[in-house]
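Visitor:
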Amino acid sequence: MGVALTRAAQWTSAGSGTGTLELTPLNESLLNDIIKFAENFSSRHPQEAVFFSLYEVSFYSSSGTTVQSEERDKDGQPLLLLTASTIKVRSFGQLSRLLHVAMEKKLKEAQACLQANRDPIVKILGPGYGTIEGEDMSMLRLLDRMKKDDDPDTEIKMKISLLLQQLDMQLLNSSLKHISQKVRLSPAAVKNEVDLLKHFSGEGEDTVLESLEYTSEYEFSNGCRAPPWRQVHGEICYLIVKPHDTDPLYITCSTAGVFLNGEKDDIDYERKSDICKDLITLLRERSPKFVENMAKQVFDAEDVGQAQKFYDYSEKNVFEKTKSPLVKSKPIDKKLEPSLKWKNVGLPASQDKVSEKSDEISESSSESEEDEEQPERHQEGNTDLPSEYWQIQKLVKYIKGGNQTATVIALCSMRDFNLAQETCQLAIRDVGGLEVLINLLDTEEIKCKIGSLKILKEISQNSQIRRTIADFGGLQIMVKILDSPDKDLKCLAAETIANVARFKRARRTVRQYGGIKRLVGLLDCVPLGSANLTPRQEKDIEVARCGALALWSCSKSTKNKEAIRRAGGIPLLARLLKSPHANMLTPVVGTLQECASEPSYRLAIKTERMIENLVKNLSGENEELQMHCASAIFKCAEDEETRDLVRHHGGLQPLAILLSNSENKELLAAVTGAIWKCAISRENVTKFREYKAIETLVVLLTDQPEEVLVNVVGALGECCQEPANRAIIRKCGGIPPLVNLLTGTNKALLVNVTKAVGACATEPENMMIIDRLDGVRLLWSLLKNPHPDVQASAAWAICPCIENAKDAGEMVRSFVGGLELIVSLLKSENKEVLASVCAAITNIAKDEENLAVITDHGVVPLLSKLANTVSEIFLNNDKLRKPKLLALATEKAKYG
Amino acid sequence: MKLNIITSVITFFYFTVNKIEVECLIKLFHTLVVEPSDRHAIIGLDRNMFRNILHVTFGMTDDMIMDRVFRAFDTDNDSCVSVTEWVEGLSIFLRGTLEEKMKYCFEVYDLNGDGYISREEMFHMLKNSLLKQPSEEDPDEGIKDLVEITLKKMDYDHDGKLSYTDFEKAVRDENLLLEAFGPCLPDIKVLNHFCMKPGEKENTSAY
């Protein structure tokens with residue numbers, strides 16, 4: 007990576023001293039590659055990951071405390087040292103863990119790390135391995151040394167060095183791809199563009215820019231206006247551009263492209279924005295008015311040739327057609343907005359749906375607040391625009407240029423288009439309609455606001471539209487509308503917020519502008535039980551429903567959960583939970599189950615007597631509602647009292663009944679999850695046996711998605727704690743599929759499967775089947791799994807297997823390298839792994855021959871090294887019984 | 119008292135507005151009406167006074183619409199809004215059901231009273247609704263287009279004009295279209311002000 011970093015990465019040249027690594031697209035992709043490498047390092051090369059580098063790699067970070075890792079190197083130095091401003095990392099294992107912890111800040115951390123360590127290879131391997139251009143002898147030297155002495159460090163160093171060189175190669179290749187895509191600007195091209203734009207600038211409404219000036223009048227003979235000492239950096243000239251709608255822009259044109267500089271009074275050469283390929287692209291991004299007027303300009307321009315030229319610069323491909331004589335006869339064609347980013351109506355729309363769906367699942371089921379990033383679709387070449395496009399453009403024109411009456415007519419007419427269709431959604435955006443619609447929200451005209459929100463509510467189903475609405479500040483205005491006395495308006499605003507707030511940034515905006523508090527306020531309506539409601543009360547309930555919908559979307563962010571709680575949302579949600587209507591219950595339960603990831607909510611769900619209602623709704627008609635109820639129970643039933651409450655309110659039977667609905671996988675995942683957690687209580691297991699849930703669970707061991715399998719196996723694992731159930735599982739043929747699942751890769755699934763198999767193995771009859779299926783070997787091979795949880799769970803499961811298998815000693819010996827493997831796990835740092843492995847070793851040691859083998863593998867020194875930890879573990883762990891420990895100790899004494 | 123009799127009669131017919139409210143309306147009427155010098159003249163609001171009230175109190179601006187509102191109020195066509203007509207009209211303004219409002223609006227928009235809103239009438243009512251753009255060759259083109267859009271949206275039987283049935287259907291489908299051709303009902307904010315409790319009203323009614 008050394009060569010790639012010195013040659014390919016773009017270091018800022020303007021600053022003095024160390025220079026910084028800015029986030030250009032090229033650097034970003036370099037960094038991402040490096041991160042990927044470092045992150046996966048410990049899992050791919052576990053041996054090399056523990057290599058202690060002699061020189062530490064330091065970061066600059068913002069946290070303020072001092073932390074050190076427990077892992078230490080030979081000299082007792084911590085491998086990770088976090089002080090006020092720096093992080094020092096001394097092994098790859100720690101580095102990859104650090105990057106994991108950094109999450110979305112990964113990029114920043116990597117950037118800081120590389121800035122602080124210009125040549126990381128030297129830091130990692132030592133000064134002899136600096137990046138040298140030309141022939142590099144270090145590898146050969148290393149090889150020599152490795153041959154001479156067999157120091158394991160040198161070998162590992164060699165391996166790391168090779169890996170790093172591989173990465174270097176990879177980085178160079180990918181940056182080459184980037185560089186080759188770049189456009190180089192020339193002074194002549196910049197001059198042309200500036201002259202052209204000047205032609206359309208000046209005072210007045212319809213010009214594209216107010217003014218556009220060079221900072222320097224003097225032009226060098228090579229066409230540049232930048233001073234010579236800046237020309238060496240490829241800079242051509244500087245511009246001051248005044249658009250109609252934003253502050254003046256200070257722009258640098260360089261051969262690499264066009265970007266904003268930091269000028270205020272004096273030129274500051276530092277780059278402040280992304281690099282655009284030309285001036286028009288940059289202005290287009292900065293000034294909506296520019297985009298709008300540019301389209302008009304062409305229409306008004308008498309000189310078609312001039313207009314032609316204009317487009318040649320603005321968009322390479324779209325305006326191919328304008329070159330044909332057709333233009334003159336049909337001037338309307340030229341009005342077309344040059345950035346049409348949509349085409350191919352059918353296909354993208356369906357893709358969009360799919361990705362959207364998977365997105366939402368991942369969001370609601372886990373805490374990951376991933377932004378759904380929809381790539382902008384660029385149109386290539388020219389296509390026939392659908393007729394809707396022109397009609398929508400016309401309507402937007404009337405909305406913009408009409409009084410309230412015309413606006414309302416145009417808004418109503420726009421609703422007649424199929425707004426669920428992506429063509430129409432993007433057409434509205436591309437003709438500048440979103441801006442107009444959002445501006446209407448800021449007016450006093452209630453009818454216009456309602457009409458606009460009705461459209462926004464529909465089109466915000468599209469994720470690109472959602473982003474644009476957020477970009478235009480639509481959320482802030484809609485949050486304000488929540489205060490309006492008009493209830494229809496409140497409902498529409500809340501429903502639109504519910505749609506827009508499906509990505510993280512939007513949810514944050516809603517919170518930051520006080521939206522959560524207002525939305526919680528909407529929930530406050532009349533008690534729902536009352537029979538005859540006035541129309542006014544019904545309206546209030548509708549407002550509450552819309553508020554709940556918006557809160558449901560917002561509750562996917564952890565901070566919003568907290569905000570809802572602080573705004574007093576929990577008692578209100580508890581009250582709405584008593585509603586008899588599914589359309590109210592779905593968002594309410596949806597919000598609750600989303601928030602149940604927080605302990606405070608789980609406690610509230612228990613104490614505010616919500617379990618009763620959740621259980622009641624399990625037996626409804628609506629599958630979505632059932633699913634949310636089940637997953638709320640899933641999340642809450644970690645708590646013992648809650649599990650008892652579920653049983654008291656009769657929730658176990660509906661759960662068992664829902665198991666038979668195996669079509670709806672999401673529902674099934676939630677239901678099996680709830681059963682799993684409920685089955686932690688023995689009384690519940692007895693109930694489940696009555697309802698024949700165990701038999702159904704066994705059926706679900708095959709042909710199910712992983713989310714379902716994890717829960718099914720988890721539930722069976724809990725049920726197996728009772729001898730009677732172990733027999734049931736055997737009788738309905740549950741053991742072969744369970745053993746079969748031991749070959750999987752999903753960590754959560756493996757932890758559950760090993761537990762279930764281990765529990766089954768406590769019956770000699772079950773053990774026979776497991777043995778026949780070679781289950782013990784499979785369990786043993788899971789000791790090699792990188793996750794400590796899996797290792798521990800597998801080791802625990804091995805214990806009953808050895809206890810109950812016939813000829814256990816012989817069986818254990820037959821696993822090649824098995825005993826060595828289990829002894830080596832005594833070096834683990836994880837206490838649970840140590841405890842489980844000790845237990846397994848206790849069982850193994852009952853066989854004299856095996857005891858001899860493990861003694862050969864050095865079990866005694868390892869155990870005595872752990873002595874303190876071990877006794878602590880043994881005392882705290884009731885799974886291990888004292889006699890065995892004593893037995894082991896005596897055996898130890900015999901041999902040691 | 120004469121006032122009481124009128125009140126009871128009116129309350130009987132227009133029960134959508136309650137009795138106290140009717141009294142308030144009548145009181146308001148009498149403060150607005152200037153006592154005629156001629157004892158035999160009809161007591162009521164003439165066109166100018168009425169238009170002034172529409173403008174100042176209800177925030178209407180379009181002259182033509184205001185004229186039509188006057189005609190809609192003045193059910194007996196005597197060019198004067200009597201106290202009964204005043205209460206009738208305002209009961210729709212303030213407490214009207216959607217049904218009543220639709221009938222009233224249709225009457226306002228049906229300029230020649232032939233039971234249909236024709237293309238020409240629409241054009242007439244919408245002609246000032248768009249900002250004139252100097253670039254367009256035909257300044258009326260936009261308005262004509264707007265009329266076509268409206269017909270496409272509301273003319274269910276495709277006869278090129280709006281009957282009351284068309285209008286009713288369109289408005290029931292989309293309430294925003296009630297005042298499709300220009301504001302002829304009081305703004306919601308004016309309404310809120312107007313519908314305050316009589317006690318509160320005394321303090322604020324400056325007009």
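Protein chains in written order, with our numbering: chain L, 7 to 902; chain B, 119 to 325.
Don't be surprised by glycine CBs; every beta carbon is placed ideally from N, CA and C.
Being a predicted model, the structure only gives us computed values, none of them experimental.
Contact criterion: CB-CB distance below 9 Å. Does Leu555/L meet it with respect to chain B?
Guide: False, the Cβ-Cβ gap to chain B never drops below 9 Å.
Visitor: In this structure, how does DSSP classify Asp530/L when only helix, strand and coil are distinguished?
Guide: It is coil, neither helix nor strand.
Visitor: If distances are taken between C-alpha atoms only, which option among Leu673/L, Asn746/L, Gln727/L, Ile487/L comes closest to Glu713/L?
Guide: When only C-alpha atoms are compared, the closest one is Leu673/L.
Visitor: Compare the C-beta of Cys552/L with all C-beta atoms of chain B and state if any pair is closer than 9 Å.
Guide: It does not: the Cβ of Cys552/L has no partner Cβ on chain B nearer than 9 Å.
Visitor: Counting Cβ pairs, one atom from each stretch, are 3 or more of them under 8 Å apart for the region 743-758 of chain L and the region 686-703 of chain L?
Guide: Not touching, per the Cβ criterion.
Visitor: Report buried or exposed for Ile138/B, applying the criterion of at least 16 other Cβ atoms within 10 angstroms of its Cβ.
Guide: By the 10 Å Cβ count, Ile138/B comes out exposed.
Visitor: In chain order, what residues of the same chain have a beta carbon less than 7 Å from the beta carbon of Glu379/L, not counting five sequence neighbours either side?
Guide: The predicted model places Glu379/L with a pLDDT of 48, which falls under 50 and marks its position as unreliable; any figure quoted below should be read in that light. Within the same chain, Glu379/L has no close Cβ partners at all.
Visitor: Distance, Cα to Cα, Leu150/B vs Gln410/L?
Guide: Their Cα atoms are separated by approximately 30 Å.
Visitor: Quick one: any contact between the region 522-533 of chain L and the region 462-480 of chain L, if contact means 3 or more CB pairs under 8 Å?
Guide: With a cut-off of 8 Å, the region 462-480 of chain L and the region 522-533 of chain L do not count as touching, because too few Cβ pairs lie within range.
Visitor: Kindly indicate the opening and closing residues of the alpha helix (DSSP H) around Gly263/L.
Guide: Taken as a continuous stretch (DSSP letters only), Gly263/L belongs to no alpha helix (DSSP H), being part of the beta strand (DSSP E) at 263-266.
Visitor: Give, in chain order, every residue of the region 412-425 of chain L whose Cβ lies closer than 9 Å to some Cβ of chain B.
Guide: Taking 9 Å as the Cβ-Cβ cut-off against chain B, the residues of the region 412-425 of chain L that qualify are Ala412, Thr413, Val414, Ile415, Ala416, Leu417, Cys418, Ser419, Arg421, Asp422.
Visitor: Under the three-state reduction of DSSP, which class applies to Lys248/L: helix, strand or coil?
Guide: In this structure, Lys248/L counts as strand in the three-state DSSP scheme.
Visitor: Excluding five sequence neighbours on each side, which residues of the same chain lie with their C-beta closer than 8 Å to the C-beta of Lys493/L?
Guide: Only Lys545, Asp546, Glu548, Val549 meet the Cβ criterion.
Visitor: Suppose the cutoff is 8 Å on Cβ atoms and the five residues either side in sequence are ignored; what does the same chain contact list for Asp305/B look like?
Guide: Within the same chain, Asp305/B has close Cβ partners Phe176, Gly177.
Visitor: Are there three or more Cβ pairs, one per stretch, closer than 8 Å when the region 594-613 of chain L is compared with the region 562-577 of chain L?
Guide: Verdict: yes, contact present.
Visitor: Out of Leu296/B, Leu229/B, Thr202/B, Leu212/B, which has the shortest C-alpha to C-alpha gap to Met184/B?
Guide: Nearest C-alpha to Met184/B: Leu229/B.
Visitor: Hey, does Asp196/B have any beta-carbon neighbour from chain L nearer than 9 Å?
Guide: No, no contact with chain L.
Visitor: Starting from Ser419/L, follow the alpha helix (DSSP H) in both directions and report where the run begins and ends.
Guide: 410-420 is the span of the alpha helix (DSSP H), which, as asked, contains Ser419/L.
Visitor: Less than 8 Å between the CB atoms is what I'm expecting for Asp284/L and Val297/L, so what's the real figure, rounded?
Guide: Rounded, the Cβ-Cβ distance is 14 Å, inconsistent with contact.
Visitor: Please work out which residues of its chain come closer than 8 Å, Cβ to Cβ, to Cys282/L, disregarding the five sequence neighbours upstream and downstream, and give them in chain order.
Guide: Contacts found: Gly263, Val264, Phe265, Leu288, Glu291.
Visitor: Closer than 9 Å between beta carbons: that is the criterion. Which residues of the region 256-269 of chain B meet it against chain L?
Guide: So the close ones are Gly260, Ile261, Asp263, Leu264, Ile267, Thr268.
Visitor: Give me the Cα-Cα distance between Asp489/L and Val759/L, rounded to the nearest whole angstrom.
Guide: So the alpha carbons of these two residues sit roughly 53 Å apart.
Visitor: Report the neighbours of Lys453/L on chain B: residues whose CB is nearer than 7 Å to its CB, in chain order.
Guide: Neighbours of Lys453/L on chain B, chain order: Leu294.
Visitor: Helix, strand or coil, according to DSSP, for Leu673/L in the structure here?
Guide: Residue state, collapsed to three classes: helix.
Visitor: With 9 Å set as the bound, which would you pick, yes or no: does the beta-carbon of Leu346/L sit closer than that to a beta-carbon of chain B?
Guide: With a pLDDT of 39 at Leu346/L, under the threshold of 50, the modelled position of this residue cannot be trusted; read the value that follows with caution. No, no contact with chain B.
Visitor: To which residues does DSSP link Asp777/L through a beta bridge?
Guide: Beta-bridge pairing links Asp777/L to no other residue.
Visitor: Using only CA atoms, which one of Gly823/L, Leu755/L, Lys753/L lies nearest to Arg783/L?
Guide: Closest option to Arg783/L, Cα to Cα, is Gly823/L.
Visitor: Bridge partners for Val199/B per DSSP, in chain order?
Guide: Bridge partners of Val199/B: Leu163/B.
Visitor: At a CB-CB cut-off below 8 Å, which residues of chain B make contact with Gln117/L?
Guide: Chain B residues near Gln117/L: none, gap ~50 Å exceeds 8 Å.
Visitor: Rounded to a whole number of angstroms, what is the C-alpha to C-alpha distance between Leu264/B and Pro257/B?
Guide: Going by the C-alpha atoms only, they are around 12 Å apart.
Visitor: Taking only three categories from DSSP, how would you classify Tyr282/B?
Guide: The answer is helix: DSSP assigns Tyr282/B an H, G or I state.
Visitor: So does the region 412-428 of chain L actually touch the region 274-287 of chain B, counting three or more Cβ pairs closer than 8 Å?
Guide: Counting Cβ pairs under 8 Å, fewer than three are found: no touch.
Visitor: Please tell me whether, using a cut-off of 8 Å, the distance from the CB of Lys183/L to the nearest non-hydrogen atom of the ligand GDP is below it.
Guide: Among the components modelled here there is no ligand, and therefore nothing to report on the ligand GDP.
Visitor: Ignore the nearest five residues each way along the sequence and tell me which others in Glu451/L's own chain have a CB closer than 7 Å to its CB.
Guide: Excluding positions up to five away in sequence, the list reads Gln410.
Visitor: Can you give the beta carbon distance from Leu36/L to Leu177/L, rounded, assuming they're within the 8 Å contact cut?
Guide: 6 Å between Cβ atoms; contact.
Visitor: Helix, strand or coil, according to DSSP, for Leu248/B in the structure here?
Guide: Note: Leu248/B maps to strand in three-state DSSP.
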